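For reference, the structure is listed below as structure tokens.
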Amino acid sequence: GAGVSQSPSNKVTEKGKDVELRCDPISGHTALYWYRQSLGQGLEFLIYFQGNSAPDKSGLPSDRFSAERTGGSVSTLTIQRTQQEDSAVYLCASSGTSGPYNEQFFGPGTRLTVL
Amino acid sequence: AQSVTQLDSQVPVFEEAPVELRCNYSSSVSVYLFWYVQYPNQGLQLLLKYLSGSTLVESINGFEAEFNKSQTSFHLRKPSVHISDTAEYFCAVSGFGSQGNLIFGKGTKLSVKP
């Protein structure tokens, strides 16, 4: 079956512009996670969605970052007024159910470059 | 809060040699432990995990990891590596009672040479 998909695969933007990154989780998966993979920081958790519940935003690095999940499926991560330090690979993962013991299935990521 | 330390950023090894990738964690609560692997130009995928029970867990491609609670370690081992094992390996934890967000180490790049 189809895995987690993300778009675009690459995004180059100018400092100060807004960007939107999209994630399509595996059909039927209720839990969705966003992570960021950067050279200096490794893999960092950003935000978590479970179904239609309020998201856990505890990992978002600043208020320029926001995310939503429509209909319990597709998710969009928005970064406003991008900065060069936002350059990273943004990974989305989904899991069949929430919980700390479940396997997460990762998408291929969106590589964001802020000039 | 949890943290994960992977002491070796790069591990070069010759084909058919044994390898150990080290992982230590710190946590104020009990944790579940994972190893994820990222092959070149591919996404992250689960290699193996420890939830409970036997402290030694194995993957389908010959890797094994042992949970050592007293040393707070979850080292990954393989007795004989192949060229195809070349990848970046990430150790991760999630805390009991958490929503499943993973705390990752910074990764170890395993490079297997012929």
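Listed in order, the protein sequences are those of chains A and B.
For the first sequence, my numbering assigns the number 1105 to the initial residue and increments by one for each residue that follows.
For the second sequence, my numbering assigns the number 26 to the initial residue and increments by one for each residue that follows.
For glycine and all other residues, C-beta sits at the position ideal for the given N, C-alpha and C.
Every value quoted in this text rests on a predicted model; they were computed, and no experiment measured them.
Contacts of Tyr57(B) in chain A (Cβ-Cβ under 8 angstroms)
Locating residue 57(B) in the second sequence gives position 32, where the first residue counts as 1. Near Tyr57(B) (Cβ distances below 8 angstroms), the residues of chain A are Pro1204, Tyr1205.
Rounded to whole angstroms, what's the CA-CA distance from Pro37(B) to Thr1214(A)? Just pull it up for me.
Along the second sequence, read from residue 1 onward, the residue named residue 37(B) stands at position 12. Along the first sequence, read from residue 1 onward, the residue named residue 1214(A) stands at position 110. Answer to the nearest angstrom: the Cα atoms are 28 angstroms apart.
Around the C-beta of Thr1186(A), are 16 or more other C-beta atoms found within 10 angstroms, so that it is buried, or is it exposed?
Start at 1 with the first residue of the first sequence, and residue 1186(A) comes out as number 82. By the neighbour-count rule (16 or more Cβ atoms within 10 Å), Thr1186(A) is buried.
Since Ser1199(A) meets chain B, which of its residues come closer than 8 angstroms, beta carbon to beta carbon?
Translated into the one-based positions of the first sequence, residue 1199(A) becomes position 95. Identification of chain B residues near Ser1199(A) by a Cβ-Cβ cut-off of 8 angstroms yields Gly125, ordered along the chain.
By the three-class DSSP mapping on this structure, what secondary structure does Glu40(B) have?
Sequence index remark: in the second sequence, residue 40(B) carries index 15 (1-based). DSSP, reduced to helix, strand and coil, places Glu40(B) outside both helices and strands of the structure shown, so it counts as coil.
Looking at C-alpha atoms only, which residue of Ala112(B), Thr97(B), Pro104(B) is the closest neighbour of Glu89(B)?
Mapped onto the second sequence, residue 89(B) falls at position 64. Checked all of Ala112(B), Thr97(B), Pro104(B); the closest Cα to Glu89(B) is Pro104(B).
Does any residue of chain A bring its CB to less than 9 angstroms from the CB of Lys134(B)?
Residue 134(B) sits at position 109 when you count from the first residue of the second sequence. Chain A contact via Cβ: absent.
Nearest candidate by alpha-carbon position, reference Lys131(B), set Cys1127(A), Ile1130(A), Glu1148(A)
For the purposes of this step, residue 131(B) is taken as residue 106 along the second sequence, with counting starting at 1. Lys131(B) has its Cα closest to that of Glu1148(A), out of Cys1127(A), Ile1130(A), Glu1148(A).
Counting pairs of beta carbons, one from the region 1136-1151 of chain A and one from the region 1182-1198 of chain A, are three or more of them closer than 8 angstroms?
yes
If you count every other CB in all the chains shown that lies within 10 Å of the CB of Ala42(B), and 16 or more means buried, which is it?
As a first step, residue 42(B) is located in the second sequence; it is residue number 17 there, counting from the start. Ala42(B) comes out exposed.
Within 9 angstroms, strictly: CB atoms of Leu32(B) and Arg47(B)
To locate residue 32(B), count along the second sequence from 1; it is residue 7. To locate residue 47(B), count along the second sequence from 1; it is residue 22. Yes, they are a contact pair.
Chain-ordered residues of the region 1123-1136 of chain A with a beta carbon less than 7 angstroms from chain B:
Ala1135
Ser1202(A) versus Ala1135(A): straight-line alpha-carbon distance, rounded:
For the purposes of this step, residue 1202(A) is identified with residue 98 of the first sequence, where counting begins at 1. For the purposes of this step, residue 1135(A) is identified with residue 31 of the first sequence, where counting begins at 1. Each residue's Cα considered, the two are about 5 angstroms apart.
Determine the DSSP secondary structure at Ile1130(A), reduced to helix, strand or coil.
Residue mapping note: residue 1130(A) aligns to position 26 of the first sequence, counting from 1. The answer is coil: DSSP assigns Ile1130(A) none of H, G, I, E or B.
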